[in-house]
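In full-length UniProt numbering, the protein residues as written are 1 to 323.
Virtual Cβ for every residue (Gly too), placed ideally from N, Cα, C.
For reference, the structure is listed below as structure tokens.
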Amino acid sequence: MNGIIALGIQDFKRLLTNALFWVITVTLILIIVLVNFALPENISQENYRIFTYNADYLAGQAAAVSSEEELRQAVKESGSIGLLGNDDGGITVLNPGLSEKTVRAIMTMLYSTSRIDTEIENINESSTAIPFNKRMTPVFICFEALIIGFILGGALMLAEKEEGTIRAMRIAPMGVDRYLISKTVLFSIIAVLYALLMAVFCIGFDFSILRFVLLSFFGAAVFSLIGLAYTTFFRDMSSWFFSMSLLLSVNMLPIVAYSEPSFSPLWLKAIPSYSLIFAYENILFGMGRSLLPTVFIVACWCLGSYLISRFAVGRYLLLKGRG
């Protein structure tokens, strides 16, 4: 344990002299300013996917479901509009937290009339309409704070190769596990601090901090381990940085599903950031969804990424060395 702590402190001191660390820190400040002062609170959303049960509205964007329970579940999970037909001929509009004005406008657009007896029900009873700028906070946390270990871990490993530190580590009784754990814990702690700063300054304190910290720590650990395994095969910063940018671009694809929840193909769900971004939305805005699937997915990613990193670092870095 003392060896892991000593390695972590040594790596942190080296980070303070790394330009990328300060670039990411400044980016954190700019994101907080952007969310609070630059992004609008509301933007118009013209298209909502429509789910119906016992209602006479039929159109290309509408999908009929077989029960009221299924309708409520669809609205809750996909952030869509649900039209529930009542026995008296009226309609109850189920929504994930839209304002009454927005719901009335949607109904007028769908039925071309305002004479229909309409009731409005918010599926997420504890929430109101989430401002657009606040809703972008999970995006910035996932694709800024959590990937710190991926970027800084790779930069630190390349620096160790260039400085010859890796050769010394191969001679000393280092051990692959100690090397991985020290770096992963360090970067995960930094990621938690950055993520907390974003959440507190952009959202406030009205969320489960314990769940947030645990999700951030293990989510950042996944990206740190993937980054360490990935960087093992590179010798210089230029080739690593270019390919890293492409890989992180793929990791950002779940933004599409976050912006349009009805689009969530299976291949998109396989990307680790998919589960994380919706889990952050759930924690920060009290969406009421179960976190158990996310816990299982993140645990699998942690185990898998650690085993892959242990093999790559042990086989191609600390034992043979390429630096």
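Could you round the C-beta distance between residue i and residue j to whole angstroms and report it? I think they count as a contact, below 8 Å.
{"i": "residue 203", "j": "residue 108", "result": "About 32 Å separates the two Cβ atoms, so there is no contact after all."}
{"i": "residue 122", "j": "residue 97", "result": "6 Å"}
{"i": "residue 280", "j": "residue 142", "result": "7 Å"}
{"i": "residue 145", "j": "residue 191", "result": "5 Å"}
Helix or strand or just coil, what does DSSP make of residue i?
{"i": "residue 23", "result": "helix"}
{"i": "residue 98", "result": "coil"}
{"i": "residue 41", "result": "coil"}
{"i": "residue 50", "result": "strand"}
{"i": "residue 105", "result": "helix"}
{"i": "residue 137", "result": "helix"}
{"i": "residue 264", "result": "coil"}
{"i": "residue 286", "result": "coil"}
{"i": "residue 257", "result": "helix"}
{"i": "residue 86", "result": "coil"}
{"i": "residue 232", "result": "coil"}
{"i": "residue 297", "result": "helix"}
{"i": "residue 120", "result": "strand"}
{"i": "residue 130", "result": "coil"}
Enumerate in chain order the residues of its own chain whose CB-to-CB distance from residue i is below 6 Å, with the five nearest sequence positions on each side excluded.
{"i": "residue 15", "result": "21"}
{"i": "residue 102", "result": "none"}
{"i": "residue 82", "result": "51, 71, 75, 94"}
{"i": "residue 323", "result": "The predicted position of residue 323 is uncertain, since its pLDDT is 43 and thus under 50; a value taken from the coordinates is nonetheless stated next. Once the five neighbours on either side are set aside, the close Cβ partners of residue 323 are 161, 166."}
{"i": "residue 64", "result": "52"}
{"i": "residue 197", "result": "none"}
{"i": "residue 224", "result": "149, 153, 184, 187"}
So which of the options has the shortest CA-CA distance to residue i?
{"i": "residue 88", "options": "250, 54, 102, 70", "result": "54"}
{"i": "residue 19", "options": "152, 194, 196, 135", "result": "152"}
{"i": "residue 166", "options": "232, 37, 281, 286", "result": "232"}
{"i": "residue 285", "options": "270, 181, 249, 199", "result": "199"}
{"i": "residue 273", "options": "260, 261, 133, 248", "result": "248"}
{"i": "residue 73", "options": "289, 294, 306", "result": "289"}
{"i": "residue 315", "options": "253, 175, 300, 104", "result": "175"}
{"i": "residue 275", "options": "26, 130, 36, 139", "result": "139"}
{"i": "residue 195", "options": "147, 177, 263", "result": "147"}
Within a Cβ cutoff of 8 Å, which residues of the same chain sit near residue i, ignoring the five residues on either side of it in sequence?
{"i": "residue 370", "result": "Only positions 1 to 323 of the chain appear in this structure, which leaves residue 370 out of reach."}
{"i": "residue 189", "result": "217"}
{"i": "residue 70", "result": "53"}
Could you check whether the Cβ of residue i sits closer than 6 Å to any heavy atom belonging to the ligand NAP?
{"i": "residue 226", "result": "Absence of the ligand NAP from the depicted structure is noted, as is the absence of any ligand whatsoever, leaving it without description."}
I'd like to know if residue i contacts chain B, where contact means its C-beta is closer than 7 Å to some C-beta of that chain.
{"i": "residue 89", "result": "Structure shown: chain B not included; a single protein chain is present."}
* Report the residue ranges of all alpha helix (DSSP H) runs contained in full by the segment 151 to 223; include only those spanning at least 4 residues, in chain order. => 165 to 171, 176 to 202
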